[in-house]
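Engineer: Sharing a structure, written as C-alpha cells. Questions coming.
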Amino acid sequence: MQPSILSGRARRLASALVCGFLLVLAASSAAAQTYRFSNVERVVAIGDVHGAYPEFVQVLKGTGLVDANLHWTGGRTHLVSTGDLFSRGDRALEVVELLMRLQGEAVSAGGAVHALLGNHEVMSLTGDLRYVSPGEFATYATQDGARRDAAIGARPGYLERMQALAPDGRIGRWLLQRPVMIVINDDLFVHGGLSDKLAGKTLEQVNASAIGDVRTFASSWHALVAGGALQPTDDFDRILAAANVLATAPVVAGEPPSPLQAPAQAIVAAVKGLPFQSNGPVWYRGSSVCHPYTESEVVRAALRSLGAQRVVVGHTPTLDHHVSLRLEAQVARIDTGMNKAAYEGIPAALVIERGVTRAFHLGEGMVAPRTELNREWARPYGMSDAQLEDFLLNAPITQDEALDLGVTNPRRLTLERDGKRIRAVFKTFDSDPEIRPNGRWERRYDKADRYLYEIAAYRLDRILGLQMVPVAVERRVDGQRGLVQYWVEGAHNETERIQQKLQYDTDCSYARQHQLINAFDVLVHNLDRNTGNILYDREWQAWMIDHSRAFSTEEGRPPELRKTPIVVSPQLRAALANVTEARLAPLAPYLHIRQIRALVARAQALRTSP
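Residue numbering for the sequence shown follows my numbering, beginning at 221 and increasing consecutively.
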C-alpha cells in the first residue's frame, strides 16, 4: 500500500498501531541486562538444538541438570544455550518452553540459564522463515487459527507462531530480552564467531547494538503488517523491498508523511546492523573454519576487546560431530549436529568445572575435547593423510582418462577399493631425471620441471602445518613412475572464479588466504603460480597445486612476487622454524641437498622479515 493513498481512518489506525509497537520496543529496550558473570564453578554449554527436543533433554539429563521430570537439579551451574533453538526440527517450541521454565528454577537454586540469540532466532523474529519446518509451524496450530491460516494460504500454525514470536508475544517478548553474547569467568559465549568487525568493541556495546537492531526490525515489521503495507506471509526479501520503497517514498504536498514511513526507515537502518551481516556475531563462521594461521590473531584481538580469553561458539557443525578446540585453544566449537535428522550428529555439551574443560557426548560420556591442530577439511571417507597415501599408492585403478590441460599431459585416475572411490591426477613429466639428491648440481636445474617436486611441496606443506597442498605420492602406473595426487572434488580454480564471476562464498578473508599462498611460493621459489593452479573447494578454502617448477636454489623471491608485500603471521612465522635440514629429511628423496639448503635460507629470511 502506498503511503499517499491511505484513507484518513486507515492513517489513524496505522498510526495507532505503529505507536503501540514502538511502545513495546521502548519497554523491552529499557530492561537492564547483565552480560558478565564471575566466580561460577560449573558451566554447561549446549550448541545448536534446531528443534531436537528429545536429544536436548538427553544432554540435560546426561550433564546432571534435570531429573526424570525435567526439573532443575543443576544447583549453582550456569547453563548456556548458544542459540539456534529454532528451525530444521519440529519441536523447537518445546525446547524454548523448557528453557523458559528452567530459567526460573535455576535462579531459585542459585544457578542460571542463559539463552543467547542465534541466527535462527534472529530470522524467526524478523520474518525470515526459510528453514522453519512444517512440523514446527504445526506445534503452534489451533482450531480457530487453522481457519485464519487457510484463509491467507499459510501452513497450519503460521499466524499463531507469528503472533507468539511478535515483540508483545509470549515467546517474542522473552527472546527480545536475550543477549547475543555473555562472558562467564574467562569464557565468551556467542553463536557464530568473532570477526574483525568486533575488534575494539566492548561486550556491552555489541549487545546493545545487536539486540537493539533485532528489536527495531521486529517491531517495525509487525507495524508494517498491522498497517497493511505487508502481508503476514511476505518473505524476508519482500519485507526489505517494501521497507525500501516506503522509506524513500516522497511526501505528497499538503499531506502529512505516512505513519508507516518511520518503521520502514527503521528496518532499512536496522538491517545494516550486526545481527544481519555475515561478519556479525550470529552469522560469522571464520572462527570455526578459517585457517589457523590467518584467523588466530583475529580472534585474539576480539577477545581482548570483549574481556575474555576463550570463545565458545556454535553455528558451524564440527566435521566429526564432536566438541573441539582450535586456534590455539582460543575457540571451543560445540555445534555437533544435535539434530540427527538434519545433520546425523551427536548430542553433546561443553562442561567447564573449576577451570577444567571437558566434553560430554551422548553414549560416550565425558572426555577431554579434541584439539584441531591444523586446518580441517572434508576428507574423503574421513581418511587421514596416511590412509589417503596408502589408498593412492595401492588401490586398484578402474579408470584412466586424459586431461586437456597444460603441456605435461596429465591424466585423471579413478581408484576404487573396499567400496571407496577416489579420483587423482597422474603426472609423469620430468625435464631433468638425471638430478640426484647428492649428485652434481648445474645452474640450469633451477629451471627444471619435475613431477617429484609436487611430492616435495606436499611434504613441506605438512611440515608447516598448512594443509593446503593435496596429498601426493609416487606410484608406477602402466610401467611409468609418476605423481598420483588427490583430486579436490567440486573445486573451482581462480580462473573460473574470475571468468564465471562466481561469488566468493566464505567468511575466510580472500586476502589472507592469498597471503599464505604468496608466502609459500616465496619459500619454495615457485615459478609457475597462476590463476589456474589456485583452487577453492566447496567451502571456498584455498588449495595450491602445480609445484613442478619450484624449488630452485635462488635466495630471493620469484619474479612475480618481488613487488608484492609478503605477510607472515605469527603462527606461520613459528612454523617456519621447522624448516631445518634435519626436519626436511622427508624431502630428501625428491630434492637435491642444495635445494634443501636454499629452502632453509628462504625460510630464515621469511621468519626475520618485518
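Ideal placement from N, C-alpha and C gives every residue a C-beta, glycine not left out. Computed from a predicted structure; not experimentally measured.
Please list the terminal residues of the continuous alpha helix (DSSP H) segment that includes I266.
Structural biologist: First-last for I266: 262 to 266, but that is the beta strand (DSSP E), not the alpha helix (DSSP H).
Engineer: Using a Cβ-Cβ cutoff of less than 7 Å, which residues in the same chain neighbour G575 once the five nearest sequence positions on both sides are dropped?
Structural biologist: none
Engineer: Beta-carbon within less than 6 Å of W503's beta-carbon, same chain only, minus the 5 sequence neighbours each way: which residues are those?
Structural biologist: N339, G412
Engineer: With H, G and I counted as helix, E and B as strand and the rest as coil, what does DSSP make of D681?
Structural biologist: helix
Engineer: From A795 to H712, what does the alpha carbon distance come to, in whole angstroms?
Structural biologist: The alpha-carbon atoms of A795 and H712 are separated by roughly 28 Å.
Engineer: How big is the Cα-Cα spacing for E171 and T362?
Structural biologist: Nothing about residue 171 can be read from this structure; the chain reaches only from 221 to 830.
Engineer: Taking the alpha carbon of E654 as the reference point, which residue from F646, S353, Y665 has its own alpha carbon closest?
Structural biologist: Y665
Engineer: So for D555, helix, strand or coil by DSSP?
Structural biologist: coil
Engineer: Does the Cβ-Cβ distance between T577 and S544 come in under 8 Å?
Structural biologist: No; because the gap between Cβ atoms is not below 8 Å, this pair is not in contact.
Engineer: Would you check if the distance between the CB atom of V742 and the CB atom of L680 is smaller than 8 Å?
Structural biologist: Against a cut-off of 8 Å, the Cβ pair of L680 and V742 comes out as no contact.
Engineer: If we count the other Cβ atoms within 10 Å of its Cβ and call it buried at 16 or more, is E475 buried or exposed?
Structural biologist: E475 is exposed by the Cβ-count criterion.
Engineer: Helix or strand or just coil, what does DSSP make of K783?
Structural biologist: coil
Engineer: Quickly, what does DSSP pair S544 with across the bridge? List them, please.
Structural biologist: Paired residue(s): R553, R590.
Engineer: Using 8 Å for Cβ pairs, my map puts A569 next to A265. What's the rounded Cβ distance?
Structural biologist: So it is a contact: roughly 6 Å between Cβ atoms.
Engineer: Just tell me which of Q425, Q497, D310, S328 has its CA closest to the CA of G295.
Structural biologist: S328
Engineer: Pop quiz: A332 and H291 are said to be a contact at Cβ under 8 Å. What is the actual Cβ separation, rounded to whole angstroms?
Structural biologist: Not confirmed; about 16 Å, so no contact.
Engineer: Comparing alpha-carbon positions, which option in T436, S478, H442, D388 lies nearest A489?
Structural biologist: The option with the nearest alpha carbon to A489 is T436.
Engineer: Please report the distance separating the alpha-carbon of T628 from that of P616.
Structural biologist: 24 Å
Engineer: Pair every Cβ in the region 814 to 829 with every Cβ in the region 539 to 557, then say whether three or more of these pairs are closer than 8 Å.
Structural biologist: No, because fewer than three Cβ pairs between the region 814 to 829 and the region 539 to 557 fall closer than 8 Å, the two stretches do not touch.
Engineer: Can you give me the C-alpha to C-alpha distance between D310 and A552, rounded to a whole angstrom?
Structural biologist: Computed Cα separation, rounded: 27 Å.
Engineer: Counting C-beta neighbours from all protein chains within 10 Å, is the total for L480 16 or more, i.e. buried, or is it exposed?
Structural biologist: Sixteen is the threshold: when 16 or more other Cβ atoms of the shown chains lie within 10 Å of the Cβ of L480, as they do, the residue is buried.
Engineer: How would you call E275, buried or exposed, if buried means at least 16 neighbouring beta carbons within 10 angstroms?
Structural biologist: buried
Engineer: Beta-carbon within less than 8 Å of L444's beta-carbon, same chain only, minus the 5 sequence neighbours each way: which residues are those?
Structural biologist: L450, I459, A462, A463, L466, L480, P483, A484, I487
Engineer: Identify, in the order they occur along the chain, each residue of the same chain with its Cβ nearer than 8 Å to the Cβ of D605, setting aside the five sequence neighbours on each side.
Structural biologist: R682, V691
Engineer: DSSP puts L755 in a beta bridge; with which residues?
Structural biologist: Paired residue(s): N713, W763.
Engineer: Measuring alpha carbon to alpha carbon, tell me which residue in M558, Q761, E609, W760 is nearest R308.
Structural biologist: M558
Engineer: Can you tell me the Cα-Cα spacing of S525 and S829, whole angstroms?
Structural biologist: 28 Å
Engineer: Only counting the same chain, and skipping five residues up and downstream in sequence, which positions put a Cβ closer than 8 Å to that of E573?
Structural biologist: Only residues of its own chain outside the window of five on either side were considered, and among them E261, R262, V263 have a CB closer than 8 Å to the CB of E573, listed in chain order.
Engineer: With C-beta atoms as the reference, is S301 less than 8 Å away from L336?
Structural biologist: yes
Engineer: Could you check which residue in R631, A288, E694, S429 has the C-alpha nearest to that of F611?
Structural biologist: E694
Engineer: What are the residues that DSSP puts in a beta bridge with G581?
Structural biologist: For clarity, residue 581 is His in the given sequence; the question names Gly instead. In the DSSP output, where bridge partners are listed per residue, H581 has A568, G585.
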